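> Residue numbers (the numbering used here), protein chains in the order written: chain R, 1 to 159; chain X, 160 to 437.
My questions all concern the structure below.
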Amino acid sequence: MKTIHFTLNGKRTSVDVEDNETLLHALRERLGITSVKEGCGIGECGTCTVLVDDEPHYSCLTLASKANGRDIKTVEYLSSSGVLHPLQEAFVRSGAVQCGYCTPGMLLSAYSLLLKNADPDAHDIKEAISGNLCRCTGYIQIEEAIKNAAEVCKCNSQG
Amino acid sequence: MLPKFVSVIARAKDEALSWLSSLENPKIIAGGTDLMVKMRAGKHYSHVIDVAGVPELLGVTEKDGKLFIGPATTHARLSSEGSIVRNARSLALACGLVGSPQIRNMGTIGGNLANASPAADSIPPLLVHDAVVTLESRDASRKVPLEEAIVAPYVTSIDGKELIGSIEISPLRGYREGYRRVAKRATWAISRLGVAFAIREENGMFLDAKLAIGSCTPMPFRPRKVEDLLKGAPKNEATISDAIRMTLEEIKLISGIRPSYAYKLPVLKGILEEVLRG
Numbered sequence: 001m002k003t004i005h006f007t008l009n010g011k012r013t014s015v016d017v018e019d020n021e022t023l024l025h026a027l028r029e030r031l032g033i034t035s036v037k038e039g040c041g042i043g044e045c046g047t048c049t050v051l052v053d054d055e056p057h058y059s060c061l062t063l064a065s066k067a068n069g070r071d072i073k074t075v076e077y078l079s080s081s082g083v084l085h086p087l088q089e090a091f092v093r094s095g096a097v098q099c100g101y102c103t104p105g106m107l108l109s110a111y112s113l114l115l116k117n118a119d120p121d122a123h124d125i126k127e128a129i130s131g132n133l134c135r136c137t138g139y140i141q142i143e144e145a146i147k148n149a150a151e152v153c154k155c156n157s158q159g
Numbered sequence: 160m161l162p163k164f165v166s167v168i169a170r171a172k173d174e175a176l177s178w179l180s181s182l183e184n185p186k187i188i189a190g191g192t193d194l195m196v197k198m199r200a201g202k203h204y205s206h207v208i209d210v211a212g213v214p215e216l217l218g219v220t221e222k223d224g225k226l227f228i229g230p231a232t233t234h235a236r237l238s239s240e241g242s243i244v245r246n247a248r249s250l251a252l253a254c255g256l257v258g259s260p261q262i263r264n265m266g267t268i269g270g271n272l273a274n275a276s277p278a279a280d281s282i283p284p285l286l287v288h289d290a291v292v293t294l295e296s297r298d299a300s301r302k303v304p305l306e307e308a309i310v311a312p313y314v315t316s317i318d319g320k321e322l323i324g325s326i327e328i329s330p331l332r333g334y335r336e337g338y339r340r341v342a343k344r345a346t347w348a349i350s351r352l353g354v355a356f357a358i359r360e361e362n363g364m365f366l367d368a369k370l371a372i373g374s375c376t377p378m379p380f381r382p383r384k385v386e387d388l389l390k391g392a393p394k395n396e397a398t399i400s401d402a403i404r405m406t407l408e409e410i411k412l413i414s415g416i417r418p419s420y421a422y423k424l425p426v427l428k429g430i431l432e433e434v435l436r437g
């Protein structure tokens, strides 16, 4: 076991992890963050997506020790102020959530996109969520939600 | 859970090299996008040495007219790195097509090379740029052309005690350069075919042509005879069709006839036509 120190959703966090433990396992089993999910476990489906220094990574393929000293965000970060983030509001409004299994990862990939690109076109949006699989919606509603959220975020930042 | 191993995080290259030489059955990890999958499937190492944060293995530097790529540099970084976009456009394009955004943020060029998949997107562009790999151990260092470093599909000549120190490439200026690939989907799919090219032409003549083809033969390769044919040849349909015929023959010579060729070779012909006609 070794102790790792990192920022989790804006808070300084320390946790003891095994050498052969994934970040996914540490988040779920040691820190109770079950929004981060194990779908395929081999870096194909994207349900385990977390942001490492604001970039999407697959936590199922990340050794927990790699989180040491980094900034880790999960979907809880988006509503940490107590209200839903515009992305989450837009997902609800567009019907972009069906079974919900992919949603936390989708939201994080979308959030990372909007941090870098406030005015994404359809191609940018598709590219940003290409590592997150959804088997319910057919993606159309998700893409629409991200587009709408980008508009809202732009208005907010102008206001 | 993964098989049991001890993980250590290297802070400097010397530290990684010293662990590599003293530990039994160690393995270098950077992005982990290939290695973690293999370990999950049961592959066991006693020690895993994480080099993702080693400063000497990160980023791109220019020296004596060459570009030195740190092996722990991610695909995401290489796809947007100015010196790569300017001097090795095919490599920037190929790195931007690897896997998904998550894979590109994690996976590294050194890992792509060490994994030596026949479908690795970064390898054809590296071949076009005459990549030379520096392999370092605690007591020695050697330079190996990339073409010799990969000896079979998923097999390299990198010793277990060696680390990729850097990947050296020759910039190409004044070339029309790119990377074309075909996969089952536009994104997040393994390449079925990848072509890196760099072509210099003037007054209706091919002055120089460098081609590298991936996912067609056991290892990505440069069709050197075809490049020789193109050098100094008039740019016309006769030259282009000769070049394509020779390329397809060379592939059949290397691999024999494969079931996938009924699809792949006509597609490759189409890509090469577009690439050579420009």
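A virtual CB, placed ideally from N, CA and C, is assigned to each residue, including glycine.
None of the values given here were measured: they were computed from a predicted structure.
Helix, strand or coil for I309 (chain X) per DSSP?
Correct three-state label for I309 (chain X): strand.
> State the Cα-Cα distance for the pair A348 (chain X) and G69 (chain R), rounded to the nearest angstrom.
Cα-Cα distance, rounded: 32 Å.
> Would you list, in chain order, the members of the segment 49 to 61 of chain R that have their beta-carbon closer than 9 Å to a beta-carbon of chain X?
Against chain X - using a Cβ distance shorter than 9 Å - the residues of the segment 49 to 61 of chain R are T49, V52, E55, P56, H57, Y58, C60 and L61.
> Going along chain X, which residues have a C-beta under 8 Å from S65 (chain R)?
Within 8 Å Cβ-Cβ: S166, I168 and D209.
> Just tell me which of X:S374, X:R417 and X:M364 has its CA closest to the CA of A397 (chain X).
Of X:S374, X:R417 and X:M364, the residue nearest in Cα terms is X:M364.
> Reducing DSSP to helix, strand and coil, say where M364 (chain X) ends up.
Strand.
> Mind listing the chain R neighbours of P185 (chain X)? Cutoff is C-beta to C-beta under 8 Å, in chain order.
What P185 (chain X) touches in chain R: nothing, since even the nearest Cβ is about 13 Å away.
> In angstroms with no decimal places, state the Cα-to-Cα distance between R301 (chain X) and L435 (chain X).
For R301 (chain X) and L435 (chain X), the distance between alpha carbons rounds to 36 Å.
> Can you give the beta carbon distance from G43 (chain R) to V196 (chain X), rounded, assuming they're within the 8 Å contact cut?
Indeed, because the Cβ distance is near 7 Å, the residues count as touching under 8 Å.
> So what's G82 (chain R) in DSSP terms, helix, strand or just coil?
In this structure, G82 (chain R) counts as coil in the three-state DSSP scheme.
> Going by alpha carbons, who is nearest to V36 (chain R) out of R:H85, R:I4, R:V17 and R:N9?
Ranking the options by Cα distance to V36 (chain R), first place goes to R:N9.
> Measure the beta-carbon distance from A110 (chain R) to Q141 (chain R) and round it to whole angstroms, keeping in mind my assumption that it falls under 8 Å.
The Cβ separation is near 12 Å, so there is no contact.
> Should T34 (chain R) be labelled buried (16 or more other beta-carbon atoms within 10 Å of its own) or exposed?
That one is exposed.
> Can the beta-carbon of L286 (chain X) be found closer than 8 Å to that of A355 (chain X)?
Yes.
> Identify, in the order they occur along the chain, each residue of the same chain with its Cβ nearer than 6 Å to the Cβ of V257 (chain X), setting aside the five sequence neighbours on each side.
So the qualifying residues of the chain are H234, R263 and D280.
> Considering only the alpha carbon of each residue, which of X:R339, X:S374, X:M198 and X:A290 lies closest to I326 (chain X)?
Considering only alpha carbons, the answer is X:A290.
> Which partner residues does R301 (chain X) have in the DSSP bridge list?
Paired residue(s): X:L294.
> Along the segment 213 to 226 of chain X, where does the CB come closer than 9 Å to a CB of chain R? Name the residues.
Taking 9 Å as the Cβ-Cβ cut-off against chain R, none of the residues of the segment 213 to 226 of chain X qualify.
> If the cut is a Cβ gap below 8 Å, which residues of chain X does I131 (chain R) touch?
It should be noted that the sequence gives Gly, not Ile, for residue 131 (chain R). Chain X residues near G131 (chain R): G258, S259, P260, Q261, I262 and W347.
> Compute the beta-carbon to beta-carbon distance between D16 (chain R) and F164 (chain X), rounded to the nearest angstrom, for a pair I have assumed lies under 8 Å.
Not really, about 17 Å apart at Cβ, beyond 8 Å.
> Have a look at L59 (chain R) and A189 (chain X) and give me their C-alpha separation to the nearest angstrom.
One point to set straight first is that residue 59 (chain R) is Ser, not Leu, in the sequence displayed. Taking the straight line joining both Cα atoms gives about 14 Å.
> Which bits of chain R does P162 (chain X) rub up against, with CB to CB less than 9 Å?
Simply N20.
> Give the range of the alpha helix (DSSP H) segment to which V287 (chain X) is assigned.
Segment I282 to V287, the alpha helix (DSSP H) holding V287 (chain X).
> Do you know how far the Cα of L217 (chain X) is from the Cα of N362 (chain X)?
Answer to the nearest angstrom: the Cα atoms are 41 Å apart.
> Taking CB distances under 8 Å as the criterion, tell me whether E127 (chain R) reaches chain X.
It does: the Cβ of E127 (chain R) has a partner Cβ on chain X nearer than 8 Å.
> Any residues in the segment 32 to 51 of chain R with a beta carbon nearer than 7 Å to a beta carbon of chain X? Which ones, in chain order?
Residues G41, I42, G43, G46 and T49.
> Would L179 (chain X) and L294 (chain X) be called neighbours here (beta carbons separated by less than 8 Å)?
Cβ distance not < 8 Å, so L179 (chain X) and L294 (chain X) don't count as in contact.
> Any chance the segment 333 to 340 of chain X sits against the segment 244 to 253 of chain X, with 3 or more Cβ pairs inside 8 Å?
At 8 Å Cβ cutoff, the stretches touch.
> Any heavy atom of the ligand GTP closer than 7 Å to the beta-carbon of A299 (chain X)?
No copy of the ligand GTP occurs in the structure displayed, which carries no ligand at all.
> Helix or strand or just coil, what does DSSP make of Y58 (chain R)?
Looking at Y58 (chain R) - three-state DSSP - the assignment turns out to be strand.
> Using a Cβ-Cβ cutoff of less than 6 Å, which residues in the same chain neighbour C134 (chain R) once the five nearest sequence positions on both sides are dropped?
Result list for C134 (chain R): C102, in chain order.
> I want to see whether chain X comes within less than 8 Å of S14 (chain R), judged by CB atoms only; does it?
Answer no: the Cβ-Cβ gap between S14 (chain R) and chain X never drops below 8 Å.
> Express the C-alpha separation of D71 (chain R) and K147 (chain R) in angstroms, rounding to a whole number.
Distance between the alpha carbons of K147 (chain R) and D71 (chain R): 26 Å.
> Give the interface partners of G191 (chain X) over in chain R, defined as CB-CB distance under 7 Å, in chain order.
Residues of chain R passing the Cβ test: L61, T62 and L63.
> For the segment 364 to 378 of chain X against the segment 407 to 424 of chain X, are there 3 or more C-beta pairs whose distance is under 8 Å?
Counting Cβ pairs under 8 Å, three or more are found: they touch.
> Contact check, S205 (chain X) vs E183 (chain X) under 8 Å by CB: the rounded distance?
5 Å between Cβ atoms; contact.
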